[in-house]
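Novice: Below is one structure. I have some questions about it.
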Amino acid sequence: MKWKRRALAALGATVLAVCGALPAAAADDIILNEDLSVSGDYDWTRFAGENITLNVYNWGLYISDGSDESVDVLSAFEELTGIQVNYTTFDSNESLYAKMKSGGASYDVIFPSDYMVGKMIEEGMLAPLDYSNIPNLAAIGPEYLGWDFDPDNTYSVPYTWGTTGLIYNTTLVDEAPTSWSALWDMQYANNVLMFNNSRDAYAIAAKKLGLSLNPSSVEEVDRVMQELQGQKSVVQAYVMDEIFDKMEGGEAALAPYYAGDALTMIADNPDLAFVHPEEGVNFFVDSMCIPATSKNKEAAEMFINYMCETSVGYANCDYIGYSTPITAVWELLDDDLKYSPIAYPGEEVMSKAEVFTTLPDEINAELDAQWSEMKSYDESGGSWMVVIFLVGAVLLSGFNIWRKVRRKMRDTY
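Take the sequence shown: its position 83, counting from 1, is numbered 72 in this note's numbering, and each next residue is one higher.
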């Protein structure tokens, strides 16, 4: 996590050693560098010399990449295995799905969230995993396995998990918000940011109304979208990764976002704070999957196994701030993160948390259609202004024609 890396860097390597911030390598581990080691009983070099490139597609700001004095886990993987990594990012599950569905690019490892994993499984877009190549599945805590979207983990390995909540600027918000309804409060007009994806935005409005974040009917979708439509006069912008610059720069008062990213933003701007609204939040699991179209499936499984190594998992969670499903990684975290109510909320929050499910096609189609309509809706009455403008233009044109005819008649007379 950025805030932790910067703080530790300031204290120096001596403090790192004293605090035990880095996992100790076992005698039979392969030492990659001062921060990383991997299991020595796995054949990491079996593809060396085969000129393989893995296309990895992940969320933005979602891996320890060497910036801000973090560990570059991708470069370490390339040096360890001889496999090259072409790493690109997306900003929402819907963007990931659209890119894959278009067939415009081929990927070997992707990182979809729970409901999107289920959708891709239903559409035959994912390849079943060979766990003889991913022995590190055993490192994942059992509470993070066996979800409804992939009950036998046939297609997915958990990467991180987290919750949604409200991040707000304490200099612009007098009292800490406790409800999602703060995002509809007119006192924050043009000072509210909102998720720029249909599923997360819908979930917030549904919870505000006391409903499940998983719609059960087309009528329910329509009702919740009306609630989002009524919010538009308050919203400054619909954002995904753009939220970092806006909240860290003090350009907005409050916004919904993911807890892991909230920790990063708070580190960069101490005026920011985070709460879990009382109505309940989304609990999500992001997974590593292999598309059915992958041309390097076994090498992709090696990459997934690498990402589940304790030192690699620690480097990722330490840098990005998201919660880990790897038991050994959680045990290595410093207490300030291990027991953080943001990263690892207690029973009060989790008892009201809800997981996204894969929606029926009819409801999913209605959600997408209503979201597009809501985004294009102009609450200020802009559509009527266009009509009035056109009518005025016609009348003005007619008046000018009448003047010309009248002038001609007068001249003739």
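Virtual Cβ for every residue (Gly too), placed ideally from N, Cα, C.
1. I'd like to know whether the C-beta atoms of residue 332 and residue 252 end up nearer to each other than 8 angstroms.
2. Determine the extent of the alpha helix (DSSP H) in which residue 218 is found, giving its start and end residues.
3. Using a Cβ-Cβ cutoff of less than 8 angstroms, which residues in the same chain neighbour residue 166 once the five nearest sequence positions on both sides are dropped?
4. Kindly indicate which residue of 37, 115, 359 and 180 has the alpha-carbon position closest to the one of residue 239.
5. Return the CA-CA distance between residue 24 and residue 292, expressed in angstroms with no decimal places.
6. Helix, strand or coil: which one does DSSP assign to residue 331?
7. Return the residue from the list 360, 351, 347 and 359 that minimises the CA-CA distance to residue 110.
8. At which residue ranges does the region 238 to 317 contain complete alpha helix (DSSP H) runs of 4 or more residues, listed in the order of the chain?
9. Can you list, in chain order, the residues of its chain whose CB lies under 6 angstroms from that of residue 172, leaving out five sequence neighbours each side?
10. Consult DSSP for residue 227 and reduce its assignment to one of helix, strand or coil.
11. Could you have a look at residue 44 and say whether DSSP puts it in helix, strand or coil?
12. Only counting the same chain, and skipping five residues up and downstream in sequence, which positions put a Cβ closer than 7 angstroms to that of residue 317?
13. Please list the terminal residues of the continuous alpha helix (DSSP H) segment that includes residue 156.
14. Between the region 110 to 122 and the region 210 to 228, do three or more beta carbon pairs fall short of 8 angstroms?
15. Is residue 356 buried or exposed, if buried means 16 or more other CB atoms sit within 10 Å of its CB?
16. Determine the DSSP secondary structure at residue 25, reduced to helix, strand or coil.
17. Per DSSP, residue 73 is paired with what?
18. Consult DSSP for residue 98 and reduce its assignment to one of helix, strand or coil.
19. Let's test the definition: count the other Cβ atoms within 10 Å of the Cβ of residue 248 and tell me whether it reaches 16, buried, or not, exposed.
20. Let me make sure I understand the geometry here. Which of 70, 55, 271 and 47 has the alpha-carbon closest to that of residue 27?
21. In whole angstroms, what separates the C-alpha of residue 197 from that of residue 108?
22. Give the secondary structure of residue 344 by DSSP, where H, G and I count as helix, E and B as strand, and everything else as coil.
23. Taking only beta-carbon atoms, is residue 303 less than 8 angstroms away from chain D?
24. Helix, strand or coil for residue 123 per DSSP?
25. If we call anything under 8 angstroms between Cβ atoms a contact, is residue 188 one with residue 311?
26. Express the C-alpha separation of residue 168 and residue 297 in angstroms, rounding to a whole number.
27. DSSP three-state call for residue 114: helix, strand or coil?
28. Using a Cβ distance threshold of 8 angstroms, determine whether the region 146 to 154 contacts the region 269 to 281, with at least three qualifying pairs required.
29. Can you name the start and end residues of the beta strand (DSSP E) that residue 363 belongs to?
30. Determine the direct distance from the alpha carbon of residue 14 to that of residue 6, and round the result to whole angstroms.
31. Is it right to say residue 41 is buried, meaning 16 or more other beta carbons lie within 10 angstroms of its own, or is it exposed?
32. With distances taken Cα to Cα, identify the nearest neighbour of residue 404 among 66, 225, 54 and 64.
33. Can you tell me the Cα-Cα spacing of residue 228 and residue 87, whole angstroms?
34. State the Cα-Cα distance for the pair residue 200 and residue 162, rounded to the nearest angstrom.
35. Between the alpha carbons of residue 133 and residue 54, how many angstroms are there, rounded?
36. At the level of alpha carbons, what is the spacing between residue 138 and residue 344?
Specialist: Reading off the structure:
1. Cβ distance < 8 angstroms, so residue 332 and residue 252 count as in contact.
2. Here the alpha helix (DSSP H) through residue 218 covers 207 to 218.
3. Excluding positions up to five away in sequence, the list reads 155, 157, 243, 264 and 266.
4. With distances taken between Cα atoms, residue 239 lies closest to 180.
5. Roughly 18 angstroms between the two C-alpha positions.
6. If DSSP states are grouped into helix, strand and coil, residue 331 belongs with coil.
7. Put simply, of 360, 351, 347 and 359 the residue whose alpha carbon is nearest the alpha carbon of residue 110 is 347.
8. Entirely contained in the region 238 to 317, the alpha helix (DSSP H) runs reaching 4 residues are, in chain order, 248 to 257, 286 to 296 and 299 to 309.
9. Scanning its chain for C-beta atoms nearer than 6 angstroms, with the 5 sequence neighbours on each side dropped, one finds around residue 172 the residues 181, in chain order.
10. In the structure shown, residue 227 adopts extended strand secondary structure according to DSSP, grouped into three states.
11. Residue state, collapsed to three classes: strand.
12. Within its own chain, the residues whose Cβ lies closer than 7 angstroms to the Cβ of residue 317, once the five positions on either side in sequence are excluded, are 128 and 299, listed in chain order.
13. DSSP places residue 156 outside any alpha helix (DSSP H); the residue lies instead in the beta strand (DSSP E), whose first and last residues are 146 to 158.
14. Contact between the region 110 to 122 and the region 210 to 228 is absent: fewer than three C-beta pairs spanning the two stretches fall below 8 angstroms.
15. Looking at its Cβ environment, which holds 16 or more other Cβ atoms inside 10 Å, residue 356 is buried.
16. Of the three classes helix, strand and coil, the one that applies to residue 25 here is coil, per DSSP.
17. Note: residue 73 sits in a beta bridge opposite 42.
18. In the displayed model, residue 98 falls within a strand according to three-state DSSP.
19. Under this definition residue 248 is a buried residue.
20. Here the closest residue by C-alpha is 70.
21. In this structure, the CA atom of residue 197 is about 26 angstroms from the CA atom of residue 108.
22. Reduced to three states, the DSSP call for residue 344 is coil.
23. Looking for chain D here will not work: only one protein chain is present.
24. Look at residue 123 here: in three-state DSSP terms it is coil, with no helix or strand label.
25. Against a cut-off of 8 angstroms, the Cβ pair of residue 311 and residue 188 comes out as no contact.
26. One Cα belongs to residue 297, the other to residue 168, and the distance between them is close to 36 angstroms.
27. Note: residue 114 maps to coil in three-state DSSP.
28. Yes, the region 146 to 154 is in contact with the region 269 to 281.
29. Residue 363 -> not in any beta strand (DSSP E); alpha helix (DSSP H) instead, spanning 350 to 365.
30. For residue 6, the predicted structure reports a pLDDT of 32, less than 50, and the residue's modelled location is therefore unreliable. The matter cannot be settled from this model.
31. Per the 10 Å Cβ criterion, buried.
32. Since the first residue shown for the chain is -10 and the last is 402, residue 404 is missing from the structure and cannot be characterised.
33. Approximately 18 angstroms between the Cα atoms of the pair.
34. Each residue's CA atom was taken as its position, placing residue 200 and residue 162 some 27 angstroms apart.
35. Going from the Cα of residue 133 to the Cα of residue 54 covers about 25 angstroms.
36. Near 10 angstroms, if we compare the C-alpha coordinates of residue 344 and residue 138.
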